[in-house]
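Enquirer: Taking full-length UniProt numbering, I'd label the letters of the sequence shown as residues 1 to 221. All C-beta atoms, glycine included, are put in the ideal place defined by N, C-alpha and C. The structure's right below; bear with me while I get my questions together.
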Amino acid sequence: MLSAANQDPTSALLVVCAGILGGILSPIAELLIAKLLPRLGETPGLQARIATAALTGIACGAFAAHFGNALSLPAFLLLAVLGTQLARIDMALHLLPNPLVLILLAGGLLLLLLPGLFGKQSDDLLRASLGAVILFAAYLILGLISPGGIGMGDVKLAAPVGLYLGYLGWSQLLYGGLIGFVLNGIVTLLVLSQKGRNKATEVPHGPSMLGALAAIALFFG
1 MLSAANQDPT SALLVVCAGI LGGILSPIAE LLIAKLLPRL GETPGLQARI
51 ATAALTGIAC GAFAAHFGNA LSLPAFLLLA VLGTQLARID MALHLLPNPL
101 VLILLAGGLL LLLLPGLFGK QSDDLLRASL GAVILFAAYL ILGLISPGGI
151 GMGDVKLAAP VGLYLGYLGW SQLLYGGLIG FVLNGIVTLL VLSQKGRNKA
201 TEVPHGPSML GALAAIALFF G
């Protein structure tokens, strides 16, 4: 995970700068979300803002440590910022706002054009595009079969998640998709053990999808 930082003396500075950038962009994102999407309510409380900023900074620093100065790093920094916000909103409101999901998808695709065009990684870009279609289609089928288990917000989020997983590789796409369900199952079991069966439906699936993506990117990307 930290191989890039160990090989390049300047990577430590990159990691620190990326972490600071994530911590700064987090509250800015929250303010913009509250202003542009008023139906989500006001900005979260101070503790939630601090926790979200810290998590975003850690994620940005971890991606910088893993990818170094690769052309794909900006795409993963976007994932860290918007992915953390989507997870926070889903946990609080059980909602994945379409505009944020679309920005993550379109922004991720545009930023992944950098390595695709300038890094001669067109195969990775094609695989990323196919990954978005494949995972979206898989979630759509599951959502139609079991609407109580998979919501349409999760189906839409599958597109950007599949984009990033597909960029990393076919195996990453497969295992990332499966790990998301495993994580959600574990969280659901914990909720069942703590609050009873009637609370199981309150477990959001989005954070597990995003958590699985982050884990695959950092440890198997």
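Looking only at its chain, what residues have a beta carbon closer than 8 Å to the beta carbon of residue 136, apart from the 5 residues adjacent to it on each side?
Expert: Within the same chain, residue 136 has close Cβ partners 155, 156, 158, 159, 162.
Enquirer: Should residue 99 be labelled buried (16 or more other beta-carbon atoms within 10 Å of its own) or exposed?
Expert: That one is exposed.
Enquirer: My understanding is that residue 183 touches residue 208, with C-beta atoms under 8 Å, so please give their C-beta distance in whole angstroms.
Expert: Right, their Cβ atoms sit about 4 Å apart.
Enquirer: With a threshold of 6 Å on Cβ separation, who are the neighbours of residue 128 within its own chain once the five nearest residues in sequence on each side are excluded?
Expert: Cβ neighbours of residue 128 beyond the five flanking positions: 112, 163, 166, 167.
Enquirer: Taking the alpha-carbon of residue 68 as reference, which of 12, 210, 45 has the nearest alpha-carbon?
Expert: Closest by alpha carbon: 12.
Enquirer: Enumerate in chain order the residues of its own chain whose CB-to-CB distance from residue 53 is below 7 Å, with the five nearest sequence positions on each side excluded.
Expert: Taken in chain order, the residues that qualify are 23, 26, 27.
Enquirer: Our contact map puts residue 216 next to residue 175 with C-beta atoms below 8 Å; I'd like the distance itself, whole angstroms only.
Expert: That belief holds up - the Cβ atoms of residue 216 and residue 175 are roughly 6 Å apart, short of 8 Å.
Enquirer: What residues in its chain sit with their C-beta under 8 Å from that of residue 218, if we drop five residues either side in the sequence?
Expert: The residues are 1, 62, 63, 66.
Enquirer: Identify the continuous alpha helix (DSSP H) that holds residue 166 and give its terminal residues.
Expert: 152–168 is the extent of the alpha helix (DSSP H) around residue 166.
Enquirer: When you compare the CB positions of residue 29 and residue 59, do they come within less than 8 Å of one another, or not?
Expert: It is not a contact, given that the beta carbons lie outside the stated cut-off.
Enquirer: Starting from the Cα of residue 47, find the closest Cα among 78, 75, 15, 88 and give me that residue.
Expert: Among 78, 75, 15, 88, the Cα nearest to that of residue 47 is on 88.
Enquirer: In whole angstroms, give me the CA-to-CA distance for residue 16 and residue 119.
Expert: Residue 16 and residue 119: Cα-Cα distance of roughly 25 Å.
Enquirer: Would you call the CB atoms of residue 153 and residue 95 closer than 8 Å?
Expert: Going by C-beta atoms, residue 153 is nearer than 8 Å to residue 95.
Enquirer: Among residues of its own chain, excluding the 5 on either side of residue 179, which ones have a beta-carbon nearer than 6 Å to its beta-carbon?
Expert: Within the same chain, residue 179 has close Cβ partners 212.
Enquirer: In terms of residues, what are the limits of the alpha helix (DSSP H) holding residue 98?
Expert: Its alpha helix (DSSP H) spans residues 98–118.
Enquirer: What did DSSP end up calling residue 70 once you bin it into helix, strand or coil?
Expert: In the structure shown, residue 70 sits in coil (DSSP, three-state: anything other than H, G, I, E or B).
Enquirer: Does residue 41 come out as helix, strand or coil in the three-state DSSP assignment?
Expert: In this structure, residue 41 counts as coil in the three-state DSSP scheme.
Enquirer: Is the beta carbon of residue 86 closer than 8 Å to that of residue 206?
Expert: Cβ atoms of residue 206 and residue 86: closer than 8 Å.
Enquirer: Can you give me the C-alpha to C-alpha distance between residue 132 and residue 110, rounded to a whole angstrom?
Expert: Spanning the two alpha carbons is a distance of roughly 14 Å.
Enquirer: Cβ atoms of residue 171 and residue 115: under 8 Å apart, would you say?
Expert: For residue 115 and residue 171, no; Cβs fall outside 8 Å.
Enquirer: Helix, strand or coil: which one does DSSP assign to residue 191?
Expert: In this structure, residue 191 counts as helix in the three-state DSSP scheme.
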